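>
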Amino acid sequence: MCANYEPVLRPERLKQFFDVEDAGLDPCPTETWPGYLAPFIGTQSGAGTTPSRRDLRLGLYGLIPHWAKGVQQGRHTYNARTETVDQLSSFKYAWKAGQRCIVPIESYYDPCWESGTAVRWQVRRRDRSPLGVAGLWNSWRAPDGQEVLSFTMLTVNADGHGVMGRMHRPEDEKRMVAILASDEYDQWLHAKPGQIKALLRCWPAEDLVAEAAPLVRRQPQEAKQQGLF
-13 MCANYEPVLR
-3 PERLKQFFDV
7 EDAGLDPCPT
17 ETWPGYLAPF
27 IGTQSGAGTT
37 PSRRDLRLGL
47 YGLIPHWAKG
57 VQQGRHTYNA
67 RTETVDQLSS
77 FKYAWKAGQR
87 CIVPIESYYD
97 PCWESGTAVR
107 WQVRRRDRSP
117 LGVAGLWNSW
127 RAPDGQEVLS
137 FTMLTVNADG
147 HGVMGRMHRP
157 EDEKRMVAIL
167 ASDEYDQWLH
177 AKPGQIKALL
187 RCWPAEDLVA
197 EAAPLVRRQP
207 QEAKQQGLF
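Under our numbering, the first residue of the sequence shown is numbered -13, with each subsequent residue one higher.
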């Protein structure tokens, strides 16, 4: 499970690593939690179509399905298991509609229990390049008629993984976000569902670094969202 991460916010890194322009998007918190605004990358055309230019969007972290009564539903849907993403009502409609996205992150956080208690650890690329995580997005219509974008990150089983095997309680199943290689971005965004399952796998442990990053302050205030509802 990934509930807390550091999004890619610097325009030059978004351009260099994801080939997207920051088109004057509103500022986002430097750390993301469920219910916070953060960037994700989609395209103007859908799955199974000729690749079009990627575009950068802002959405709430935690996918809000069409049947949700409020944005609070997203607090339970910020991660989607690859094993059941095409079956659960929270995600299957976005999956079947080809509403795939890439979530640009600098690093993410998980609890390590090796000391006997939960300590927040940061996981990042060894070379400090950002991670492009496979995701799904959705557009939900609020009661007042306003459109609200939201997204989720896909996760895979990571039992036995050299880094993620150290996270969470010893008895818990190990999970990690589904990280894409940069040359897989267009395939993930545009290929048909039957052609993308192979992209959803564990990222090599030798390419990752994990270190203690204790949370020493309160969670930041939620990004201002009044204009969304």
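Just so you know, even glycine gets a beta-carbon here, dropped at the ideal spot from N, CA and C. As the structure is a prediction and not an experimental result, all values here were calculated from the model.
Suppose you measure from the CA of MET162 to the CA of ARG127; what does that come to, to the nearest Å?
30 Å
> Looking at ARG106: is its Cβ nearer than 8 Å to the Cβ of VAL195?
Pairing ARG106 with VAL195 gives a Cβ-Cβ distance that is not under 8 Å.
> Determine whether the Cβ of ILE27 lies closer than 8 Å to any Cβ atom of chain C.
Protein chains in the displayed structure number just one, and chain C is not present.
> Could you check which residue in SER136, TRP123, LEU166 has the C-alpha nearest to that of ALA80?
TRP123
> With DSSP as the reference, identify every bridge partner of SER76, one or two as the case may be.
None; SER76 has no bridge partner.
> Looking at the unbroken beta strand (DSSP E) that takes in ARG86, where does it start and where does it end?
86 to 98
> Ignoring anything shorter than 3 residues or poking outside the stretch 26 to 62, list the beta strand (DSSP E) runs there in chain order.
40 to 47
> Please report the Cβ distance between TYR64 and PRO15, rounded to the nearest whole angstrom; I am assuming they are in contact, meaning their Cβ atoms lie under 8 Å.
Not quite, the Cβ-Cβ distance comes to about 15 Å (not below 8 Å), so this is no contact.
> According to the Cβ coordinates, are LEU42 and SER136 closer than 8 Å?
no
> What does the Cβ neighbour count give for HIS62, buried or exposed, with the cut at 16 atoms within 10 Å?
exposed
> Considering only the alpha carbon of each residue, which of THR70, LEU11, PRO51, LEU201 lies closest to VAL142?
THR70
> Quick check on DSSP: helix, strand or coil for MET162?
Strand, per DSSP.
> Could you check what DSSP says for ARG(-1) in three-state terms: helix, strand or coil?
helix
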